[in-house]
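Student: Below is one structure. I have some questions about it.
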Amino acid sequence: MTSPEKDPEFENLLVYLRQSRGFDFTGYKRSTLMRRVCKRMQSLSVENFGDYLDYLEVDPEEFNYLFNTILIRGC
């Protein structure tokens, strides 16, 4: 797997989230962010970031689930 900092599909997904929803995750640690996005993808049986971006484009409700997964705070 490509490192989180160099995965172009992952970066495209982050650009899409910023442009479509106004969420800028540049301050997040890439490895943590990637792990949380992958967790959401796994629950949907989506295998790569490009396919997940496509999924987000056709199912806008998925943004809520993704953001809840990304923005989880520890107790």
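Position 56 of the sequence shown, counted from 1, bears residue number 56 in the working numbering, the numbering being contiguous throughout.
Yeah, the Cβ is synthetic: ideal placement off N, Cα and C, and Gly gets one too.
Keep in mind it's a predicted model, so treat the numbers as computed, not measured.
1) How about the segment 46–56 and the segment 10–17: do they share at least three Cβ pairs that are nearer than 8 Å?
2) Taking 8 Å as the cut-off, decide whether the C-beta atoms of ILE70 and LEU33 are in contact.
3) To the nearest angstrom, how far is the alpha carbon of SER45 from that of SER20?
4) Under the assumption that TYR65 contacts ARG30 (Cβ atoms under 8 Å), give the Cβ distance between them as a whole number of angstroms.
5) Excluding the five sequence neighbours on either side, which residues of its own chain have a C-beta within less than 7 Å of the C-beta of TYR48, listed in chain order?
6) Taking the continuous alpha helix (DSSP H) assigned at ASN68, which residues delimit it?
7) Among PHE23, ASP7 and GLN42, which residue has its Cα nearest to the Cα of PHE67?
Tutor: In brief:
1) yes
2) Start at 1 with the first residue of the sequence shown, and residue 70 comes out as number 70. Start at 1 with the first residue of the sequence shown, and residue 33 comes out as number 33. Yes, these two residues count as a Cβ contact at 8 Å.
3) Position 45 of the sequence shown, counted from the start, is the residue given in the question as residue 45. Position 20 of the sequence shown, counted from the start, is the residue given in the question as residue 20. Their backbone Cα atoms lie some 23 Å apart in a straight line.
4) Sequence index remark: in the sequence shown, residue 65 carries index 65 (1-based). Sequence index remark: in the sequence shown, residue 30 carries index 30 (1-based). About 21 Å separates the two Cβ atoms, so there is no contact after all.
5) Counting from 1 along the sequence shown, the entry for residue 48 is found at position 48. Correcting the residue type first, residue 48 is Asn in the shown sequence and not Tyr. GLU9, listed in sequence order.
6) On the sequence shown, position 68 is the one that residue 68 refers to. Secondary structure note for ASN68: its alpha helix (DSSP H) is the uninterrupted segment 62–70.
7) To locate residue 67, count along the sequence shown from 1; it is residue 67. Closest by alpha carbon: PHE23.
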